[in-house]
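K.L.:
Quick note, the sequences are listed as chains A and B, same order.
Number 336 marks the last residue of the first sequence (the numbering used here); no jumps.
Number 1336 marks the last residue of the second sequence (the numbering used here); no jumps.
C-beta: ideal position from N, C-alpha, C; glycine also.
Protein chains: 2
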Amino acid sequence: MKKIMNAAADIVRESCEGFAVAHADLVKLNHDPLFLYRADLATQGERPKVALISGGGSGHEPLHAGYIGRGMLSAACPGEVFTSPVPEQMLGAIKATAGQGGALLVVKNYTGDVMNFELAAELAAAEGLEVQSVVIGDDVAVQDSTWTAGRRGVGGTVLLEKIAGAAAEQGASLAEVKQVAEGVMAGVRSMGLALSGATVPAAGKPNFTLTENEIELGVGIHGEPGRERAQMRVADQLIDALLGPIVADLALKRGEEVIALTNGMGGTPLLELYVAHRHLCRQLEGQGVRVARHLVGNYVTSLDMQGMSVTLLRASSEQLRLWDAPVVTPALRWGL
Amino acid sequence: MKKIMNAAADIVRESCEGFAVAHADLVKLNHDPLFLYRADLATQGERPKVALISGGGSGHEPLHAGYIGRGMLSAACPGEVFTSPVPEQMLGAIKATAGQGGALLVVKNYTGDVMNFELAAELAAAEGLEVQSVVIGDDVAVQDSTWTAGRRGVGGTVLLEKIAGAAAEQGASLAEVKQVAEGVMAGVRSMGLALSGATVPAAGKPNFTLTENEIELGVGIHGEPGRERAQMRVADQLIDALLGPIVADLALKRGEEVIALTNGMGGTPLLELYVAHRHLCRQLEGQGVRVARHLVGNYVTSLDMQGMSVTLLRASSEQLRLWDAPVVTPALRWGL
């Protein structure tokens, strides 16, 4: 294993420090407990009524800290690599950013995250803060997994954070922001595949290995097993293998519109992701489904894993309006 | 080799098609000859006086097509992977986008690119179009290389395209845009390193291999040899090894300001790039050099290569002003 790091134990903290320096105009770092939050909240005195807060294990960058900023997250709590942050981090983030309407916690469905965010919500409530949570599980690959009871939260998280963040920015109440988030959850599905494993710094070797002809179909973002160890195939067939289960699960119909994310797992070049996205769009258009908005790139990664995932959101006109709303974060930026 | 592609011979064309679909609001694709250009040029009837046009071998995405848009490139010509585009492509791009003031061609210093862009400029001149070129060679690692007479063009290209693109957008003349580009060239230097080779689709295996303890220090973006096959070391020392030659070559002095790019080669996670950027900033600030602007991520890549490069531009206040000007491209976007 070769990694650009000093000690494995320091990689998350040092990376957060570098991130905060690079994006000082947008993000501030709190060291202890460790969380990152919108730089403009302290000075403008005009927090959104509702803070949108997320977090989870590191190794999925730019998720979550890359999505902090106007129109998206108020704060993010990074855990160690592939490890849930602790409740003290979420509590600190809530206290630093909650508006007069409270805070909505966006939790990816992994056992540790769910438990720790729940505890943080209770601690915040005990201090008189109004906090609600949504738990996202958009991965159609498996029902339960090694890390989860129920579906795993993966690429749909980015779409949820963008759309709910826009609602919060526009002054929606806690109940309204939560409703928007639940609306996204109802209509978003994902599935991924790996061409290679990922190497956790502290472990020093890939979390699984594949031969030259194998892929892991339905892989999780921590390298959790998917549906099957399958045969490698050409790009168009890889997309078909991801798209089929998603379209079936969503019961997508002719005439509907989607937001489509073709997401890289971290180690796959953009050149290849666009080849995949080409076929994704052709297939959907062929089924009479309009791809109304596109996102292609490394948005929810798994360290250096080679592979990709597809996320589709069946999008209403209101969701498209919130998607198009201005966003100014390190990793997603438009409209301002 | 596992790649998300159909046939290796189709990967560039199919990727461009996917790119054009994903970014249809910003970019249009011309099939034959193959080039991409600003979607707003046809409709707005208000081309910048001077078109900024670049191109080169594919495999370095988002360079160059990712930088097409308002405030940056007017067009980009993708060659096959690691292979120069042909003059017909540049000529097509020039004819499609040149303004009343002509076009400036941004050429990375590789033998094939220089030759083909020169030929294209001659063909355009023969048709009465005013065309000038700049050839960028910002890589301090080696003087000549397997692909180049003189220094190679690498990460500095992004900074040049952004800053010269802003000047063009603001209505500068061809002579003025060229002068701005030459100003960037005078003050920008880069150096990179590889932890792994890159796999060209048509070749099917990595262009070089490194042991678990080796790095290629000074590597080029096609995997060209650098200064030495060196020992792997911790992140801070990797940065020191890149920063030393750059600072020396620029003769950076206390009190000066730079734009700093910590660039991933494609296969290195953001988590690691920010660890590197943290130390880069500390070292520069320790030397009394202010990092006035930051860019961290995969901006000039080498397919799936693991590694990074550092680019520094000694920036004048005028260059910073042009850097901050609005840019709306698939891969770089701010201010609007």
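Strictly under 9 Å for the Cβ-Cβ distance: is His-64/A near chain B by that measure?
P.N.:
no
K.L.:
Could you pull out every residue in the same chain whose Cβ sits closer than 8 Å to the Cβ of Leu-129/A, ignoring the five residues on either side in sequence?
P.N.:
Excluding five sequence positions before and after Leu-129/A, the CB atoms of its chain that fall closer than 8 Å to its own CB belong to Ile-94, Lys-95, Ala-98, Gly-102, Ala-103, given in chain order.
K.L.:
Ends of the beta strand (DSSP E) at Lys-1162/B?
P.N.:
Unbroken run through Lys-1162/B is the alpha helix (DSSP H), 1156–1169; no beta strand (DSSP E).
K.L.:
Taking the beta strand (DSSP E) that Gln-1132/B falls in, what are its first and last residues?
P.N.:
1131–1136
K.L.:
As an exercise, report each continuous alpha helix (DSSP H) stretch of at least 4 residues that is fully enclosed by the stretch 1228–1262 of chain B, in chain order.
P.N.:
1235–1250
K.L.:
Please report the distance separating the alpha-carbon of Val-188/A from that of Val-158/A.
P.N.:
Answer to the nearest angstrom: the Cα atoms are 11 Å apart.
K.L.:
With a threshold of 9 Å between beta-carbons, can Lys-263/A be considered close to chain B, or not?
P.N.:
Residue identity differs from the one stated: residue 263/A is Asn in this sequence, not Lys. It does not: the Cβ of Asn-263/A has no partner Cβ on chain B nearer than 9 Å.
K.L.:
Under the three-state reduction of DSSP, which class applies to Tyr-1299/B: helix, strand or coil?
P.N.:
Assignment of Tyr-1299/B by DSSP, reduced to helix, strand and coil, places it in the coil class.
K.L.:
Do we get a CB-CB distance below 9 Å when we pair Glu-76/A with the residues of chain B?
P.N.:
Residue identity differs from the one stated: residue 76/A is Ala in this sequence, not Glu. Closer than 9 Å: no.
K.L.:
Under 9 Å between the Cβ atoms of Ala-235/A and Asn-1006/B?
P.N.:
yes
K.L.:
Show which residues of chain B have a CB atom less than 9 Å away from the CB atom of Leu-195/A.
P.N.:
Lys-1002, Lys-1003, Ile-1004
K.L.:
Rounded C-beta distance between Gly-165/A and Met-72/A? I'm assuming under 8 Å.
P.N.:
4 Å
K.L.:
The alpha helix (DSSP H) spanning Arg-38/A covers which residue range?
P.N.:
It is not in any alpha helix (DSSP H) - Arg-38/A instead sits in the beta strand (DSSP E) that spans 35–38.
K.L.:
Can you find a CB in chain B that lies within less than 9 Å of the CB of Gln-283/A?
P.N.:
Gln-283/A does not count as touching chain B.
K.L.:
Run through chain B and tell me which residues come within less than 7 Å of Phe-19/A, C-beta to C-beta.
P.N.:
Tyr-1274
K.L.:
Give the DSSP-derived three-state secondary structure of Met-308/A in the structure shown.
P.N.:
strand
K.L.:
List the residues of chain B that Arg-229/A touches, going by C-beta distances under 7 Å, in chain order.
P.N.:
The premise fails here: Arg-229/A is roughly 13 Å from chain B at the closest Cβ pair, so nothing lies under 7 Å.
K.L.:
With DSSP run on the structure shown, which of helix, strand or coil describes Leu-1280/B?
P.N.:
helix
K.L.:
Nearest CA to the CA of Ser-190/A: which residue from Gly-204/A, Gly-244/A, Thr-146/A?
P.N.:
Of the residues Gly-204/A, Gly-244/A, Thr-146/A, the one whose Cα lies closest to the Cα of Ser-190/A is Gly-244/A.
K.L.:
Could you name the residues that DSSP lists as bridge partners for Lys-28/A?
P.N.:
Answer is Tyr-37/A, bridged to Lys-28/A.
K.L.:
Provide the residue span of the alpha helix (DSSP H) that contains Glu-1182/B, from first to last.
P.N.:
1174–1187
K.L.:
Less than 9 Å between CB atoms is the rule here; does Asp-236/A satisfy it with respect to chain B?
P.N.:
yes
K.L.:
Please classify Lys-162/A: is it buried, with 16 or more other beta-carbons within 10 angstroms of its beta-carbon, or exposed?
P.N.:
Result: buried.
K.L.:
For Trp-1323/B, which of helix, strand or coil comes out of DSSP?
P.N.:
If DSSP states are grouped into helix, strand and coil, Trp-1323/B belongs with the helices.
K.L.:
Is it the case that the Cβ atoms of Cys-1281/B and Ala-22/A are separated by a distance below 9 Å?
P.N.:
yes
K.L.:
Against Trp-334/A, what residues of chain B qualify as contacts under a CB-to-CB distance less than 7 Å, listed in chain order?
P.N.:
Arg-1333
K.L.:
Of the residues Leu-1160/B, Glu-1212/B, Gly-1156/B, which one's Cα is nearest the Cα of Ile-1246/B?
P.N.:
Gly-1156/B
K.L.:
Taking any Cβ of chain A, which residues in the stretch 1009–1034 of chain B have a Cβ under 7 Å from it, in chain order?
P.N.:
Answer in chain order: Ile-1011, Glu-1014, Ser-1015, Glu-1017, Gly-1018, Phe-1019, Val-1021, Ala-1022.
K.L.:
Check the Cβ-Cβ distances between Glu-127/A and every residue of chain B, and say whether any is below 9 Å.
P.N.:
Glu-127/A does not count as touching chain B.
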